[in-house]
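First the structure, in the form of structure tokens, and then the observations on it.
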Amino acid sequence: MAGKTDAMAKFFVNLVLLKIEDLKKQEDELKRKSENPNKILALQKKIKILEDITEGRIDMNKAVALWQGIRDINKKIEVLNENRVAIIKEIEKYPSLGSIMAILKED
Numbered sequence: 324m325a326g327k328t329d330a331m332a333k334f335f336v337n338l339v340l341l342k343i344e345d346l347k348k349q350e351d352e353l354k355r356k357s358e359n360p361n362k363i364l365a366l367q368k369k370i371k372i373l374e375d376i377t378e379g380r381i382d383m384n385k386a387v388a389l390w391q392g393i394r395d396i397n398k399k400i401e402v403l404n405e406n407r408v409a410i411i412k413e414i415e416k417y418p419s420l421g422s423i424m425a426i427l428k429e430d
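Start counting the sequence shown at 324; every next residue gets the next number (our numbering).
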């Protein structure tokens with residue numbers, strides 16, 4: 324039974340290592356495209372969690388909770404960005420609010 328458990332553990336670690344490799348490629352692509360720094364930071368956090376798991380520095384249950392927290396935060400950021408875009412479009416209807424518009428468009 325121990326051999327089967329070891330094989331499963333190695334398989335899991337290999338899957339995690341492949342995921343880390345994939346996330347690093349995504350990170351490089353986002354950096355190349357000069358994407359939103361929040362997206363890059365979220366990927367870096369995911370990579371760090373996975374690396375900590377494979378190196379035994381973090382408990383699996385804690386890793387799952389962290390991963391879910393990051394996912395929830397990313398969803399909230401997406402909603403905020405969508406709301407920001409909607410507000411900007413609404414303000415654009417009123418040319419006299421140009422100075423406010425300039426402030427909102429700043430990143």
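Don't be surprised by glycine CBs; every beta carbon is placed ideally from N, CA and C.
All of these numbers come straight from a predicted model, not from anything done at the bench.
Would residue i pass as a contact of residue j if the rule is Cβ separation under 7 Å?
| i | j | result |
| --- | --- | --- |
| ALA365 | ILE393 | yes |
| LYS368 | LEU346 | no |
| ASN361 | ILE400 | yes |
| THR377 | VAL336 | yes |
I'd like the list of long-range same chain contacts for residue i, defined as Cβ closer than 7 Å, with 5 residues on each side in sequence excluded.
| i | result |
| --- | --- |
| LYS354 | ILE363 |
| ASN397 | ALA365 |
| ILE343 | ILE370, LEU373, GLU374 |
I need the boundaries of the alpha helix (DSSP H) containing residue i, first residue and last residue.
| i | result |
| --- | --- |
| ASP375 | 360-377 |
Please list, in chain order, all residues of the same chain as residue i whose beta carbon is under 8 Å from its beta carbon, the five residues on each side excluded.
| i | result |
| --- | --- |
| VAL339 | LEU373, ILE376, THR377 |
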